[in-house]
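These notes are about the structure you will find just below.
So this is what it looks like as structure tokens:
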């Protein structure tokens with residue numbers, strides 16, 4: 153409101169001020185001009201700061217506080233050392249990274265922190281062949297942010313809820329701890345309360361969880377003996393073990409055209425992970441060793457990031473390499489897949505895995521259908537009809553019309569098609585069984601973790617059933633006695649081929665594990 157009783161300046165004083173202001177310094181106007189010119193050039197050259205840099209900068213003060221808040225984090229586990237990494241992309245890629253994490257943890261004698269399964273492509277790495285990827289720090293931040301989202305929305309499903317790691321743990325080839333349990337102990341947090349309250353969790357508790365995440369992401373790199381953040385990624389490093397000279401150049405390097413076009417100067421070295429991050433290294437004393445992505449794949453005669461095919465002088469690691477080539481799903485999934493093959497299809501069948509909508513595959517329908525057409529032609533010439541086919545595809549049934557799949561569905565005299573949907577009763581019941589089984593909390597880490605496990609098990613329940621359709625479909629395809637036709641380049645097809653190689657369907661019905 154206006155103050156109607158305010159004192160109005162004396163006209164004489166006003167005139168006096170005006171006369172004083174008129175006698176300005178002769179440098180006044182040149183100074184104004186120079187300041188204006190500086191502002192002009194600032195806005196002309198201004199470049200927006202990426203979000204991750206803003207995030208990192210804002211967390212620098214957080215990490216200073218965290219160093220004082222958790223000064224004894226290196227002693228909380230009485231000498232136990234851990235390995236963390238940042239999974240990403242789809243499930244098949246996440247499983248591949250999990251296997252690499254198991255291998256790295258065993259080589260470095262660290263307990264593996266088992267992550268959750270991330271939403272499909274919630275976090276993307278980028279392209280290693282093009283040397284265009286998120287840095288390890290950036291991807292750790294993205295992953296931990298998504299994990300907090302999974303916890304708060306009660307959608308957290310551990311990798312060990314889906315993949316059976318009981319044989320690894322019972323053989324003492326690797327040690328493991330659930331991410332929720334680890335964070336509860338390491339940062340002295342009530343993660344169980346975050347689970348139970350979900351999106352209504354107290355802001356202070358959520359903030360503490362984010363602070364713990366920032367510590368684990370390695371925003372400021374290494375923090376005392378708490379954490380060692382690995383900054384090497386596929387642009388500069390290929391991790392090896394007992395294979396060649398440590399530090400030698402890898403055979404795959406960026407070509408000159410790429411270096412000029414992208415203005416990059418990366419040099420890829422082959423580095424022994426044990427010599428670089430094991431005993432005697434700077435990383436050895438850290439309670440947590442934090443990698444970024446652990447994804448690798450063959451490329452131009454080399455590997456993109458991890459090239460550990462064998463361990464000539466380490467029989468234990470050799471045994472582990474053989475063991476992790478195939479890690480089965482938990483019994484609930486495997487049993488349902490087998491039962492569907494024997495009790496629903498009830499006949500020899502072909503599996504067709506047709507990826508048609510995602511990424512690069514949506515533009516290659518013709519090539520994808522060609523392989524299936526050729527396989528069916530050969531089966532028609534060789535045997536009786538109709539041919540039973542289990543169809544595994546991302547193309548909704550309502551969109552089959554006009555495609556080769558639609559033609560097969562219409563030709564009921566020659567072909568009988570089977571498929572599953574996420575809302576089918578069999579799939580829903582399996583999801584409920586997994587939600588109750590809680591396999592990811594069943595393995596024993598060490599005595600001090602038992603209380604934290606009990607709290608997480610009591611309060612961290614699921615509001616939404618896990619999506620298990622993919623895992624069931626892969627299992628059914630492993631049982632296809634007439635063969636398998638997969639989509640070229642699909643990691644899902646590669647996973648099914650491995651399952652078929654190891655004869656998953658020929659093994660007897662399993663029982664749930666308990667350790």
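In this note's numbering, the protein residues as written are 153 to 667.
C-beta atoms are modelled at their ideal positions from N, C-alpha and C, and glycine is treated no differently.
{"Check": "Rounded Cβ spacing between residue 234 and residue 331 (contact assumed at less than 8 Å)", "Outcome": "Not really, about 10 Å apart at Cβ, beyond 8 Å."}
{"Check": "Runs of beta strand (DSSP E) lying entirely within the stretch 586-649, each at least 3 residues, in chain order", "Outcome": "635-637"}
{"Check": "Within 7 Å, strictly: CB atoms of residue 237 and residue 257", "Outcome": "no"}
{"Check": "At least three beta-carbon pairs within less than 8 Å, the stretch 293-304 to the stretch 358-375", "Outcome": "yes"}
{"Check": "Element boundaries [beta strand (DSSP E), containing residue 230]", "Outcome": "Where residue 230 is concerned, there is no enclosing beta strand (DSSP E), given that its DSSP letter is neither H nor E."}
{"Check": "One or two residues paired with residue 279 in a DSSP bridge", "Outcome": "284"}
{"Check": "Through-space distance from residue 561 to residue 578, alpha-carbon basis", "Outcome": "22 Å"}
{"Check": "Close Cβ partners of residue 521 (< 7 Å) along its chain, the five nearest in sequence each way excluded", "Outcome": "556"}
{"Check": "Buried or exposed (CB count within 10 angstroms, at least 16 for buried), residue 505", "Outcome": "buried"}
{"Check": "At least 3 beta-carbon pairs within less than 8 Å: the stretch 385-404 vs the stretch 421-433", "Outcome": "yes"}
{"Check": "Segment contact, 8 Å Cβ cut-off, at least three pairs: the stretch 372-383 with the stretch 435-444", "Outcome": "yes"}
{"Check": "Residue 560 - DSSP class collapsed to helix/strand/coil", "Outcome": "helix"}
{"Check": "Residue span of the beta strand (DSSP E) that contains residue 568, given as start and end", "Outcome": "567-570"}
{"Check": "Selection from 316, 324 and 572 that minimises the alpha carbon distance to residue 469", "Outcome": "324"}
{"Check": "Inter-residue Cα distance where the pair is residue 409 and residue 518", "Outcome": "33 Å"}
{"Check": "Residue 647 classed as buried or exposed, judged by whether at least 16 other C-beta atoms fall within 10 angstroms", "Outcome": "buried"}
{"Check": "Within 7 Å, strictly: CB atoms of residue 644 and residue 244", "Outcome": "yes"}
{"Check": "Check whether residue 328 and residue 264 have beta carbons under 7 Å apart", "Outcome": "yes"}
{"Check": "Stretch-stretch touch, CB-based, cutoff 8 Å, three pairs: the stretch 613-630 with the stretch 482-489", "Outcome": "yes"}
{"Check": "C-beta contact flag for residue 484 and residue 582 at 7 Å", "Outcome": "yes"}
{"Check": "First through last residue of the alpha helix (DSSP H) which encompasses residue 521", "Outcome": "517-534"}
{"Check": "Whole runs of the beta strand (DSSP E) within the stretch 349-420, excluding any shorter than 3 residues", "Outcome": "379-381 and 389-392"}
{"Check": "Bridge partner(s) assigned by DSSP for residue 504", "Outcome": "543 and 637"}
{"Check": "Nearest neighbour of residue 497, chosen from 411, 438, 659 and 634 [CA to CA]", "Outcome": "634"}
{"Check": "Check whether residue 611 and residue 482 have beta carbons under 7 Å apart", "Outcome": "no"}
{"Check": "Those residues which DSSP pairs with residue 481 across a bridge", "Outcome": "315"}
{"Check": "Cβ separation of residue 266 and residue 305, assumed to be a contact under 8 Å, to the nearest whole Å", "Outcome": "With a Cβ gap of about 20 Å, residue 266 and residue 305 do not count as contacting."}
{"Check": "Beta-carbon spacing of residue 416, residue 283 below 7 Å", "Outcome": "yes"}
{"Check": "Pair within 7 Å by beta-carbon distance, residue 569 and residue 541", "Outcome": "yes"}
{"Check": "Nearest to residue 479 (by Cα), restricted to the options 240, 255, 241 and 229", "Outcome": "255"}
{"Check": "Range covered by the alpha helix (DSSP H) that runs through residue 257", "Outcome": "243-259"}
{"Check": "Cβ neighbours of residue 566 in the same chain (closer than 6 Å, five flanking residues each side left out)", "Outcome": "537 and 538"}
{"Check": "Residues bridged to residue 263 [DSSP beta-bridge criterion]", "Outcome": "234"}
{"Check": "Sub-7 Å separation of residue 465 and residue 377 beta-carbons", "Outcome": "no"}
{"Check": "Classification of residue 413 by the beta-carbon crowding that lies within 10 angstroms, buried from 16 upward", "Outcome": "exposed"}
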